[in-house]
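Please read the structure below before turning to the comments.
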Amino acid sequence: MTIAIRETVRTMTGAELIVDVLTQNGFHQVFGVPGRRVLPIYDAIYRAADKIRIVASQNEQGAAFMADGYARARGRSCCLGISGPGLLNMVTGVAASYYDSVPVLVLGGQAQTKSIGKYAIQEATGHGRSPDQLEIFRRITKKATRAQTADDIVPVLTASIEEMFAGRPGPVYIEFPTDILHQEIAPGAYRSSAKPPVSEDASARLEKWPFQALVADLSRAKFPVILVGQGVNASGARDEVKRIAEGLGIPFVTTTLAKGTLPEDSELSLGSCGIWGQPAAKEYLLGPCDAILAFGTTFQELSSYGWRIRNEQILLRVDIDEGELHRNYSGKHSFLGDAKDFLTAFERCLSMDREQTQFPEAKALVATLKSDAGFYATIQHTQEHVRSGLVNPIALVKAISRLTPQDVAIISDVGENGAWSMYLIQREKVGSYVINAGLGTMGHAVAAAVGVSLALPGNKIVSICGDGGFMMNGNEIATAAKYRSDVLWIVFNNGILGTQKHYQRDYLDGRYIASDMPDIDYCEYSESLGVPATRVKTIEEFDVEYKRLLKIKGNHLIEVCVDPNIKPEPCYFY
Numbered sequence: 000m001t002i003a004i005r006e007t008v009r010t011m012t013g014a015e016l017i018v019d020v021l022t023q024n025g026f027h028q029v030f031g032v033p034g035r036r037v038l039p040i041y042d043a044i045y046r047a048a049d050k051i052r053i054v055a056s057q058n059e060q061g062a063a064f065m066a067d068g069y070a071r072a073r074g075r076s077c078c079l080g081i082s083g084p085g086l087l088n089m090v091t092g093v094a095a096s097y098y099d100s101v102p103v104l105v106l107g108g109q110a111q112t113k114s115i116g117k118y119a120i121q122e123a124t125g126h127g128r129s130p131d132q133l134e135i136f137r138r139i140t141k142k143a144t145r146a147q148t149a150d151d152i153v154p155v156l157t158a159s160i161e162e163m164f165a166g167r168p169g170p171v172y173i174e175f176p177t178d179i180l181h182q183e184i185a186p187g188a189y190r191s192s193a194k195p196p197v198s199e200d201a202s203a204r205l206e207k208w209p210f211q212a213l214v215a216d217l218s219r220a221k222f223p224v225i226l227v228g229q230g231v232n233a234s235g236a237r238d239e240v241k242r243i244a245e246g247l248g249i250p251f252v253t254t255t256l257a258k259g260t261l262p263e264d265s266e267l268s269l270g271s272c273g274i275w276g277q278p279a280a281k282e283y284l285l286g287p288c289d290a291i292l293a294f295g296t297t298f299q300e301l302s303s304y305g306w307r308i309r310n311e312q313i314l315l316r317v318d319i320d321e322g323e324l325h326r327n328y329s330g331k332h333s334f335l336g337d338a339k340d341f342l343t344a345f346e347r348c349l350s351m352d353r354e355q356t357q358f359p360e361a362k363a364l365v366a367t368l369k370s371d372a373g374f375y376a377t378i379q380h381t382q383e384h385v386r387s388g389l390v391n392p393i394a395l396v397k398a399i400s401r402l403t404p405q406d407v408a409i410i411s412d413v414g415e416n417g418a419w420s421m422y423l424i425q426r427e428k429v430g431s432y433v434i435n436a437g438l439g440t441m442g443h444a445v446a447a448a449v450g451v452s453l454a455l456p457g458n459k460i461v462s463i464c465g466d467g468g469f470m471m472n473g474n475e476i477a478t479a480a481k482y483r484s485d486v487l488w489i490v491f492n493n494g495i496l497g498t499q500k501h502y503q504r505d506y507l508d509g510r511y512i513a514s515d516m517p518d519i520d521y522c523e524y525s526e527s528l529g530v531p532a533t534r535v536k537t538i539e540e541f542d543v544e545y546k547r548l549l550k551i552k553g554n555h556l557i558e559v560c561v562d563p564n565i566k567p568e569p570c571y572f573y
């Protein structure tokens with residue numbers, strides 16, 4: 000990235016300066032809902048329409064989710080909210096980005112400077128009973144700052160953008176009192192682009208790192224595995240980890256967030272790990288596995304099977320974030336730094352022979368487990384009777400996996416539909432599967448898919464969600480219609496909040512409360528918002544309609560009437 004020095008030849012307002020810095024740093028779409036405190040920024044975007052545009056969502060949570068999806072696809076995005084209720088509506092979406100390390104620039108309005116502490120309209124400064132939005136965002140972003148004057152705008156913006164990409168990526172927040180957006184700034188020179196992230200030169204530390212000790216320990220293992228987390232994607236280390244796995248014949252497994260990083264059709268692949276990962280992965284990791292090489296993963300509850308992985312199994316941990324390097328598990332060896340740097344140095348220390356794998360027992364066991372345990376879970380309910388006019392959700396997800404081209408991204412919601420997608424959908428490409436696995440937010444996929452689509456024009460995007468998740472952000476399909484995205488939503492309509500009702504059925508003696516959905520015609524609802532829709536009641540109907548719609552440009556919704564009695568296995572904690 001070139002550091003641009005801008006010479007303004009005319010007086011600019013603070014709002015115009017913000018927009019100029021945004022465009023200079025690769026932000027060309029801003030997601031939000033307009034309001035008094037930020038209208039000057041909207042007006043500046045209007046006057047720079049050849050460089051940047053607003054995507055006006057129906058609700059600020061939807062805007063934050065769209066920005067999250069856009070950033071996952073393009074590496075950065077921006078959302079904009081008014082002070083008070085607007086920014087508070089964004090909190091869930093921004094927290095989801097923070098949990099999953101997604102770089103989103105969050106901009107907010109604030110009461111004008113002279114009114115702070117006086118209960119100005121939508122003031123959110125923490126004075127009196129007003130919410131302290133700056134402190135709230137400090138808890139869910141890498142950095143939260145208020146620009147106090149117009150002169151602060153450029154340095155605060157560029158420093159915050161730099162922080163988005165420093166080390167572990169993530170969202171940052173900046174708020175602007177309304178008066179500085181109107182304030183005029185005299186012509187002059189300023190640095191308009193953020194400095195590119197400067198990676199630490201780890202060569203000196205890597206030269207001294209005990210690779211030979213690691214290799215010696217690894218050579219004593221019989222059933223090692225490489226555990227690939229999202230950090231491998233963030234560092235661009237996919238090729239390095241693939242070469243090491245294939246060269247040494249070490250089986251590999253990905254976390255849910257890293258699904259698609261390595262080819263799941265490889266003979267070494269155990270698929271994705273975790274409570275709703277592939278059964279073969281669970282059998283291997285919780286069984287004979289005696290050495291885990293973990294790259295860019297935090298070992299959270301889902302991926303570690305409720306922390307049932309044993310600490311003595313962790314031979315190596317590599318993470319760029321010091322706060323995560325020893326969380327939950329320490330590992331015999333560890334390295335604080337970029338995964339790509341470490342893997343490149345590790346490769347140089349290895350002797351690899353594709354013809355003579357060094358771990359033949361591990362390779363043989365993977366083949367056996369895939370055959371016996373079932374790689375893409377063979378679940379007993381698959382063959383059970385399904386009531387007439389309803390679709391088996393497991394058969395539905397298998398059809399989605401089978402029919403969706405690898406260059407079509409699947410955005411999965413959470414809930415039972417997400418559980419099925421995690422262990423039944425096969426992906427081979429980075430970015431071809433997205434799920435908000437950290438915070439686990441229902442409704443994320445409905446809106447995030449719009450952001451992904453706007454980030455990747457010309458590409459069909461598939462969004463999977465349940466009826467419960469759809470009702471949380473289904474209004475955003477109106478945004479999709481307005482901005483002509485290319486999303487195909489698949490709504491699993493079983494009339495219930497499945498995870499909760501099945502828990503009540505199986506563990507609370509059938510004491511059902513608050514787990515039934517209202518009877519809604521999702522096709523009529525979708526069409527009223529400008530998106531055509533189709534209802535299917537058999538898997539055969541779905542196959543035909545899905546294949547047809549994948550070839551057609553434009554938004555569409557398929558409502559699938561699924562059997563409410565079938566739940567994911569395993570379920571409810573390991």
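Taking numbering that gives the first Met the number 0, the leading residue of the sequence shown gets 0, the next gets one more, and so forth.
Beta carbons are placed, not taken as given, at the ideal position from N, Cα and C, and that holds for glycine.
Tell me whether residue i sits in a helix, a strand or coil according to DSSP, three-state version.
i, result
"E174", "strand"
"Y432", "strand"
"M11", "strand"
"G107", "strand"
"N232", "helix"
"K142", "strand"
"E300", "coil"
"C348", "helix"
"N492", "strand"
"S76", "strand"
"G116", "coil"
"G322", "helix"
"D150", "helix"
"H332", "strand"
"A446", "helix"
"H380", "Confidence is the limiting factor: at H380 the pLDDT is only 44, short of 50, which leaves the residue's position unreliable, though a coordinate-based value still follows. Reduced to three states, the DSSP call for H380 is helix."
"H555", "strand"
"T537", "coil"
"F222", "coil"
"S129", "coil"
Less than 8 Å between the CB atoms is what I'm expecting for residue i and residue j, so what's the real figure, rounded?
i, j, result
"V103", "S76", "5 Å"
"T478", "S56", "5 Å"
"G13", "F175", "7 Å"
"H555", "F64", "Contact doesn't hold; Cβ gap of about 20 Å is too wide."
"V155", "A146", "5 Å"
"T254", "S271", "7 Å"
"G295", "V317", "7 Å"
"A338", "G230", "5 Å"
"A236", "L389", "That belief does not hold up - the Cβ atoms of A236 and L389 are roughly 44 Å apart, past 8 Å."
"R46", "Q28", "Actually they do not touch by this definition, with Cβ atoms about 16 Å apart."
"L213", "I291", "Incorrect: roughly 13 Å between the Cβ atoms, too far for contact."
"N472", "A446", "5 Å"
Buried or exposed for residue i, please, with buried defined as at least 16 other CB atoms from any protein chain shown within 10 angstroms of its CB.
i, result
"S387", "exposed"
"Q182", "buried"
"L267", "buried"
"K141", "buried"
"L507", "exposed"
"I551", "exposed"
"V171", "buried"
"T260", "buried"
"G457", "exposed"
"G509", "exposed"
"E321", "exposed"
Please work out which residues of its chain come closer than 6 Å, Cβ to Cβ, to residue i, disregarding the five sequence neighbours upstream and downstream, and give them in chain order.
i, result
"A489", "Going by the sequence as given, residue 489 is Ile instead of Ala. Cβ neighbours of I489 beyond the five flanking positions: I463 and I557."
"I115", "T124"
"L301", "G273 and I274"
"S411", "G417, S420, I434, A444 and I463"
"N493", "V561 and P563"
"C78", "F30, G31, A62, A63, A66 and V105"
"A376", "Confidence at A376 is low in this model, with a pLDDT of 46, below 50, so its placement is unreliable and the value that follows should be read with caution. Cβ neighbours of A376 beyond the five flanking positions: P278 and Y422."
"E539", "none"
"K331", "L314"
Who are the Cβ neighbours of residue i in its own chain at under 7 Å, not counting the five residues just before and after it?
i, result
"K566", "E415, G497 and H501"
"L16", "I152, V153 and I184"
"Y98", "G437 and L438"
May I ask you to check if the CB of residue i is nearer than 6 Å to at least one heavy atom of the ligand GDP?
i, result
"A480", "In the structure shown, the ligand GDP is absent, as is every other ligand, since no ligand is present at all."
Counting only runs that start and end within the stretch 459-508, where is the beta strand (DSSP E) found for 3 or more residues in a row?
-> Qualifying beta strand (DSSP E) stretches, in chain order: 460-465 and 486-492.
For the stretch 262-311, list the alpha helix (DSSP H) runs that are entirely contained and at least 4 residues long, ordered along the chain.
-> The stretch 262-311 contains these whole alpha helix (DSSP H) runs: 278-284.
Start-end ranges of the beta strand (DSSP E) lying completely within the stretch 26-81, minimum 3 residues | Complete beta strand (DSSP E) runs here, min 3: 28-31, 52-55 and 76-80.
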